[in-house]
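Engineer: Please find one structure pasted underneath; my questions will follow.
Given below as structure tokens:
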């Protein structure tokens with residue numbers, strides 16, 4: 169006896185994007201929940217199965233990718249802030265010309281920050 173059970177939602181594009189551009193049935197359900205503040209529908213077996221399928225098939229990968237990308241962005245910003253604090257000239261210290269230790273790292277962090285910011289905003 170197998171614990172695997174096949175389930176089929178008998179509605180075309182119930183949780184996807186209909187070809188005519190109208191909102192999906194799932195979108196309409198979510199809008200109704202937002203208006204009524206009645207969340208009991210999410211306790212139904214059909215929505216539980218559907219949301220689990222959507223999470224397993226797409227959302228989990230997308231979520232963890234975005235969280236990982238945010239972590240990279242946060243690391244870059246933190247490293248840049250720490251490096252700026254360490255390299256800040258002391259009061260009365262003359263700012264020299266030419267490259268100093270850590271300047272290439274600073275340039276890399278600026279470019280990494282710009283790249284991760286643009287990627288995060290999807291510009």
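In the numbering used here, the protein residues as written are 169 to 291. No residue lacks a Cβ here, since even glycine has one placed at the ideal position from N, Cα and C. The structure displayed is predicted, hence computed values, not measured ones.
Count the other CB atoms, across all protein chains shown, that sit within 10 Å of the CB of residue 244; report buried if there are 16 or more and exposed otherwise.
Structural biologist: By the 10 Å Cβ count, residue 244 comes out buried.
Engineer: Please list, in chain order, all residues of the same chain as residue 184 whose beta carbon is under 7 Å from its beta carbon, the five residues on each side excluded.
Structural biologist: 192
Engineer: Work out the CA separation of residue 286 and residue 241 for me, nearest whole Å.
Structural biologist: 11 Å
Engineer: At what residues does the alpha helix (DSSP H) containing residue 281 begin and finish?
Structural biologist: 271-289
Engineer: Given this structure, state the Cα-to-Cα distance separating residue 250 from residue 181, to the nearest angstrom.
Structural biologist: Cα to Cα, residue 250 sits roughly 50 Å from residue 181.
Engineer: Please report how far the alpha carbon of residue 174 lies from the alpha carbon of residue 223, in whole angstroms.
Structural biologist: 17 Å
Engineer: Entirely within the region 183-233 and at least 3 residues each: give me those beta strand (DSSP E) ranges in chain order.
Structural biologist: none
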